[in-house]
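Take the sequence shown: its position 148, counted from the start at 1, is 258 in this note's numbering, and no numbers get skipped.
For each residue, glycine too, the CB sits at the ideal point set by N, CA and C.
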Amino acid sequence: RPVWATFADELMRQNVPQTEEMIPEAVKTNIIQQEWKTSKNADVPQDIREMLKVIRRNEVRLEGIAIERDLLLEMPIWLHKKADKRTRRLMNSAASRCLRERHGVRTVADAVSAETILGSHDHRQSNRCSCKDCEWTWNEYNCPMPHACAKRAKNLLDLLPPKWDPRCSQPFDKTSPTPENPNREAGTPISKEFRIKDSLANTIRIFGNTQPNRRSPP
C-alpha cells in the first residue's frame, strides 16, 4: 500500500467532526470500508479534501455480485460499512471495549473466532461458565466475561446483511440436498468470472446506485 495512503488515513482519523469524537481512534481504519465521517475543514490538507469530494460526488462504495469469503472475513467488524446502523450503539459497551482491548478484535474474522464459545456443547450462558473454551479465554486474554464478549461478537455479526456475512451461504457455495432439507434442489455455484477475490480493493465501485445492493444473486 502506498505510504501516502497510510498518512492520509491517519490525518482523516485524527480530524473528525464533534459527532465522531466518541469513536476510539484505533477503530477508524478505513473510511470506505467503515461508516464514519472525517472533517473537511482547513486542518485537513487540500489534497485530502479534494479526494473526499471525489468519493462523495462519484458515490464510491463497496459492491460486488459475489465476494469471496476470505475477503468478507478481512472487513473491519467495527463500524462495518454494510452493517445495520445499530452497530454504532454497540461500540462502547464494556464487552465491546474488552473485545478490542483484550481480545484484539479488529476484523470480521476476529469476531467469528470470538463467538465460537457460544457453540461449545458444554458452554453455559454465564460469565461464570467453566467450559474449556471459557477457561482458555480467561487465560489467553485475561477476559473477565467470556460469555458477554462472545455474545457481543455475535451481535455485531448478526447486524451484517447475508451478502457480507461469511457465516451465511454465499453464491459460490455449491448447494445440495441435506438431511435437514432433503427437498432442496442442487445448485451450481456462481461462475468464477463474477467472483471478487484477491483484495478488498476489488470491491470498490464508482457511480454507485443511491441504494446499495445488499442482496446476493439467487
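- Tell whether a beta-carbon distance below 8 Å holds between H262 and L200. Mapped onto the sequence shown, residue 262 falls at position 152. Mapped onto the sequence shown, residue 200 falls at position 90. Note that residue 262 is Arg in the sequence shown here, rather than His. Contact: yes.
- Query: So, are the CB atoms of R143 and K191 less than 8 Å apart?
  - Reply: Walking along the sequence shown from the start, residue 143 turns up at place 33. Walking along the sequence shown from the start, residue 191 turns up at place 81. Position check: residue 143 holds Gln in this sequence, whereas Arg was assumed. Cβ distance < 8 Å, so Q143 and K191 count as in contact.
- Item | For R305: DSSP bridge partner residues | Within the sequence shown, residue 305 is the residue found at index 195, counting from 1. Its beta-bridge partners are A176.
- Message: Report the CB separation of I306 from L181 in whole angstroms; it is logged as a contact under 8 Å.
- Response: As a first step, residue 306 is located in the sequence shown; it is residue number 196 there, counting from the start. As a first step, residue 181 is located in the sequence shown; it is residue number 71 there, counting from the start. The pair is a contact, with the Cβ atoms about 7 Å apart (cut-off 8 Å).
- Message: Ignoring anything shorter than 4 residues, give me the alpha helix (DSSP H) runs that lie fully in the region 217-255, in order along the chain.
- Response: 218-224, 242-251
- Query: With burial defined as no fewer than 16 other Cβ atoms inside 10 Å of the residue's Cβ, what is the status of P112: buried or exposed?
  - Reply: On the sequence shown, residue 112 is found 2 positions in, with the first residue counted as 1. Burial call: exposed.
- On the three-state DSSP scale, how would you describe P272? Position 162 of the sequence shown, counted from the first residue, corresponds to residue 272. Note: P272 maps to helix in three-state DSSP.
- Query: Quick one, are the C-beta atoms of A224 and H231 less than 8 Å apart?
  - Reply: As a first step, residue 224 is located in the sequence shown; it is residue number 114 there, counting from the start. As a first step, residue 231 is located in the sequence shown; it is residue number 121 there, counting from the start. No. Outside cutoff.
- Query: Which of helix, strand or coil does DSSP assign to I314?
  - Reply: Reading the sequence shown from its first residue, position 204 is the one you call residue 314. Correct three-state label for I314: strand.
- Item | Nearest-angstrom Cα separation, counted from D268 out to P127 | Position 17 of the sequence shown holds residue 127. Position 158 of the sequence shown holds residue 268. So the alpha carbons of these two residues sit roughly 28 Å apart.
- Task: Would you identify the three-state DSSP class for Q128, choosing helix, strand or coil?
- Result: To locate residue 128, count along the sequence shown from 1; it is residue 18. In this structure, Q128 counts as helix in the three-state DSSP scheme.
- Query: Contact between the region 202-221 and the region 236-255: three or more CB pairs below 8 Å?
  - Reply: yes
- Query: Which runs of the alpha helix (DSSP H) fall wholly inside the region 132-191 and span at least 4 residues, in chain order?
  - Reply: Runs of the alpha helix (DSSP H) inside the region 132-191: 156-167, 179-184.
- Message: Rounded to whole angstroms, what is the Cα-Cα separation between L266 and T197?
- Response: Numbered from 1 along the sequence shown, position 156 holds the residue referred to as residue 266. Numbered from 1 along the sequence shown, position 87 holds the residue referred to as residue 197. When rounded, the distance between both Cα atoms is 6 Å.
- Task: Using 10 angstroms around the beta-carbon of A204, count the other beta-carbons present and answer buried if the total reaches 16, otherwise exposed.
- Result: In the sequence shown, counting from the first residue as 1, residue 204 sits at position 94. Per the 10 Å Cβ criterion, exposed.
- Task: Give the range of the alpha helix (DSSP H) segment to which R207 is assigned.
- Result: Position 97 of the sequence shown, counting from 1, holds the residue named residue 207. Where R207 is concerned, the enclosing alpha helix (DSSP H) stretches over 204-208.
- Query: Between the Cα of D153 and the Cα atoms of Q124, G229, C239, I133, which residue gives the shortest distance?
  - Reply: Indexing the sequence shown from 1 puts residue 153 at position 43. Among Q124, G229, C239, I133, the Cα nearest to that of D153 belongs to Q124.
- Count the other CB atoms, across all protein chains shown, that sit within 10 Å of the CB of S286; report buried if there are 16 or more and exposed otherwise. Here residue 286 refers to the residue found at position 176 when the sequence shown is read from its first residue. For S286, the predicted structure reports a pLDDT of 48, less than 50, and the residue's modelled location is therefore unreliable. A value from the coordinates is still provided. Classification of S286: exposed, given that the 10 Å Cβ count is below 16.
- Query: What's the call for A221, buried or exposed, on a 16-neighbour Cβ count within 10 Å?
  - Reply: The sequence position of residue 221 within the sequence shown is 111, counting from 1. Buried.
- Can a CB atom of chain C be found closer than 8 Å to the CB of S203? Included in the structure is just one protein chain, with no chain C present.
- Just mark S279 as buried or exposed, buried being the case when its beta carbon has 16 or more other beta carbons within 10 Å. Here residue 279 is taken as the residue at index 169 of the sequence shown, counted from 1. By the 10 Å Cβ count, S279 comes out exposed.
- Item | Pairwise C-alpha distance: T217 and D243 | Position 133 of the sequence shown holds residue 243. Position 107 of the sequence shown holds residue 217. Approximately 20 Å between the Cα atoms of the pair.
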